[in-house]
Amino acid sequence: MSIEIIKDLIKVEEVKGTEEVQTMVETEIYLNTNKQEIDSILWVEGRTEVLNTNIFKDKLLVNGRVKFNIVYRGLDEEKNLHTLETSKDFKEEIDIEGIAEGMECDIKASIDHIEYDLGENRIDLQALLNLNAKVEETKELEVVHEIQGDKGLQILEEDITYKEVYGRDISYANVKEEIVVAGDKPPIEKVVRFSVHPRELQTLVAEDRLIVSAEANVSLIYLGDNKINYIRESIPFNHFVELPGVEKDSLGEVKLEVVEGLYEIMEDEMGDLRHIDLDINIRVEGKVYDYMTRPLVVDLYSTKEELNIEKEDITILENVDILSEEEDLKLELEVDALEVLDIKDDFNLIDYRILGDEIVVESLLSLELFYLNGRGEVRHYMDHFPFKSNIYYSGSDRDLELDVRAKLADLDYELTDQLSLKAIAKYDVYLNRERTIESIKEIEETGQVIDLSNRPSIIVYIVQKGDKLWDIAKRYKTTVEDILSSNNLDPAYEIQVGDKIIIEKFLDNDFENM
164 MSIEIIKDLI KVEEVKGTEE VQTMVETEIY LNTNKQEIDS ILWVEGRTEV
214 LNTNIFKDKL LVNGRVKFNI VYRGLDEEKN LHTLETSKDF KEEIDIEGIA
264 EGMECDIKAS IDHIEYDLGE NRIDLQALLN LNAKVEETKE LEVVHEIQGD
314 KGLQILEEDI TYKEVYGRDI SYANVKEEIV VAGDKPPIEK VVRFSVHPRE
364 LQTLVAEDRL IVSAEANVSL IYLGDNKINY IRESIPFNHF VELPGVEKDS
414 LGEVKLEVVE GLYEIMEDEM GDLRHIDLDI NIRVEGKVYD YMTRPLVVDL
464 YSTKEELNIE KEDITILENV DILSEEEDLK LELEVDALEV LDIKDDFNLI
514 DYRILGDEIV VESLLSLELF YLNGRGEVRH YMDHFPFKSN IYYSGSDRDL
564 ELDVRAKLAD LDYELTDQLS LKAIAKYDVY LNRERTIESI KEIEETGQVI
614 DLSNRPSIIV YIVQKGDKLW DIAKRYKTTV EDILSSNNLD PAYEIQVGDK
664 IIIEKFLDND FENM
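As structure tokens, then:
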């Protein structure tokens, strides 16, 4: 018969586990005798950095660092502000059953809150961190794409829709730029706060690479002319993530994280400190994939020859649907702000689930606000705001795995009697289910001819629960097409329990190719 099996390798991504833990990072900073004594601490700010992750059996090890920035007012000083900086490394073990070496980890570290205590000659610091971990496995599966043989071979295919990963990698974008303090602002005497927030603008996939267009949003609060001033600049940059083998117009996604932001204050031609040289290093994690729908061979038989078929089960996380939703978020903050210096936001998912005909997504917006009050004093405000979004879901399947991505876009504010904030929350919801499919592994041709000569010319079969036309045809070594023809059935007809199916005997005595 000469049967040929044509196989393909596909790369699929599967979430092996998620976990959220909290950890406390404690440190202290000793006051230099050369520094001005502290009258009051205006704010303590922290930034987290994940240095590396290691995955072992059922365990994830996270190494990271918290960088603290303290701004305080000295004794006998009204306007002058001082800064202190320190950092503290942390290590945390997260138990996630089913994970192992070689898997990929996506972890987000955020600060829930910071507490401080001013003691004699030192400040004790405590930062409560939230660590959200997701571990994924990209594995190669060998599947039967096609089987070729003679006209007696009957093949059953099933379509699957899945996420096929073409490539992922981490690289670093280096952004160097010079900012000039405008002439209507005073020159820089002392930097009080410097921060960088990257924002993705557009991501495209070209041949062998992922192209990222983004911007680094730089904020600088400084003392000049005996008062608080600020500079905000958006620095655009492009970056390529090299991924050999990926094809144009596939889907791509990136995660941007500032690793290091350095600045140097330089003099202009007049000798004033108005030039800021920036050197920013941004970690770019890129991934290219597609949602593919393809047929897989799940069963076969021959109407001419007995075959020995070896099968194996393969499990694929099949995509059922993708939903996208945008929602306007609005907040009214009662702060005595005369001028906003900087706004720092962090948008995190708390929970999501299918409830009735909706997908309920709970999220938490954390805001830090730096502003000047009516007396020209710099102030710091921080709070957390929960939100609940309801996304319409028309499907009937409730036993699904949800993968929800959320981000905040277009954050803007209006300052009147109070501070009105508005933004757009963007959600992408991937509805998946784990599907186990019997795949053909090997086929052995026995050479044993199927002889139907002793079978009755007509068999009447009564359909039982769970029967399919394919199963009936396979049992009686006929074809689905012949059964449909003998019973005058439309190909779209779905057989019902109790149906009487006529099975006719069709003899084929042409065995010369056997």
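Numbering of the sequence shown is given in our numbering, commencing with residue 164 and proceeding in unit increments. Built from N, CA and C at the ideal position, the CB exists for glycine as well.
Rounded to whole angstroms, how far is the Cβ of residue i from the Cβ of residue j, which I believe are closer than 8 Å?
i, j, result
"V299", "K179", "A small fix is needed here, since residue 299 is Glu in this sequence, not Val. The Cβ separation is near 6 Å, so the contact holds."
"L419", "I445", "6 Å"
"G661", "V612", "Not a contact, Cβ separation roughly 35 Å."
"I439", "L383", "7 Å"
"G227", "E208", "Not really, about 17 Å apart at Cβ, beyond 8 Å."
"E303", "L172", "5 Å"
"F550", "L492", "6 Å"
"V460", "I310", "6 Å"
"H547", "S529", "5 Å"
Could you give the residue range of the beta strand (DSSP E) that holds residue i?
i, result
"A272", "267-282"
"R568", "564-578"
"F533", "521-535"
"E340", "316-343"
"V355", "353-369"
"G599", "Note that residue 599 corresponds to Thr in the displayed sequence, not to Gly. Start and end: 582-612."
"D662", "Where D662 is concerned, there is no enclosing beta strand (DSSP E), given that its DSSP letter is neither H nor E."
"F669", "Premise fails: F669 is in no beta strand (DSSP E) and is neither H nor E."
"K628", "Careful: K628 lies outside any beta strand (DSSP E) and carries neither H nor E."
"S397", "390-405"
"S165", "Unbroken run through S165: none, as it is neither H nor E."
"V409", "Taken as a continuous stretch (DSSP letters only), V409 belongs to no beta strand (DSSP E), as it is neither H nor E."
"A379", "372-387"
"P458", "436-465"
"P549", "541-555"
"I310", "285-311"
Ordered along the chain, which non-local residues of its own chain (more than five positions away) have a Cβ less than 6 Å from that of residue i?
i, result
"H360", "N380"
"E675", "With a pLDDT of 43 at E675, under the threshold of 50, the predicted position of this residue should be treated as unreliable, though the coordinate-derived value follows. Taken in chain order, the list of residues that qualify is empty."
"L496", "L582"
"G545", "The question names Gly, yet the displayed sequence has Met at residue 545. Cβ neighbours of M545 beyond the five flanking positions: E531."
"D591", "S487, R568"
"F253", "V188, G227"
"L319", "V461, D462, W633"
"Y279", "V207, I286, L288"
"R210", "K230"
"L441", "E340, Y426"
Considering just the uninterrupted stretch of the alpha helix (DSSP H) at residue i, what are its terminal residues?
i, result
"V643", "643-649"
"A636", "632-638"
Using a Cβ-Cβ cutoff of less than 8 Å, which residues in the same chain neighbour residue i once the five nearest sequence positions on both sides are dropped?
i, result
"Y147", "Beyond the ends of the chain as shown, which are 164 and 677, falls residue 147; an answer cannot be given."
"M677", "With a pLDDT of only 43 at M677, under 50, the local geometry of the prediction cannot be trusted, and the value read off the model is given with reservation. Result list for M677: M164, K467, E468, G610, V612, in chain order."
"Y576", "V503, I506, L582, S583, L584, K585"
"V623", "K663, I664, I665, I666"
"R596", "L480, E481, V483, D560, D562, L563, E564"
"V368", "I374, V409, E410, K411, D412, S413, L414, G415, V451"
Less than 7 Å between C-beta atoms, sequence neighbours within five positions excluded: which residues of the same chain meet that for residue i?
i, result
"I643", "Checking the sequence, you will find Val at residue 643 rather than Ile. Excluding residues within five positions, the ones whose Cβ falls inside 7 Å are L632, W633, A636."
"T301", "K174, E176, E267, V328"
"L494", "F548, L584"
Quiz item: Do the region 427-444 and the region 288-308 touch if we need at least three Cβ pairs shorter than 8 Å?
Solution: no
Quiz prompt | Inside the region 488-519 only - beta strand (DSSP E) runs reaching at least 3 residues | solution = 502-518
Practice problem: Check whether the region 599-615 touches the region 527-543, taking contact to mean three or more Cβ pairs, one atom from each stretch, closer than 8 Å. | Solution: no
Self-check item: Inter-stretch contact (C-beta, 8 Å, three-pair minimum) for the region 476-485 and the region 361-370
Solution: no
Quiz prompt | Contact between the region 452-472 and the region 500-516 (3+ Cβ pairs under 8 Å) | solution = no
Quiz item: Between the region 548-559 and the region 483-495, are three or more C-beta pairs nearer than 8 Å?
Solution: yes
Quiz item: Which runs of the beta strand (DSSP E) spanning at least 3 residues fall entirely within the region 194-252, listed in chain order?
Solution: 201-219, 222-237
Quiz item: For the 8 Å Cβ check, are there 3 or more pairs between the region 181-195 and the region 315-331?
Solution: no
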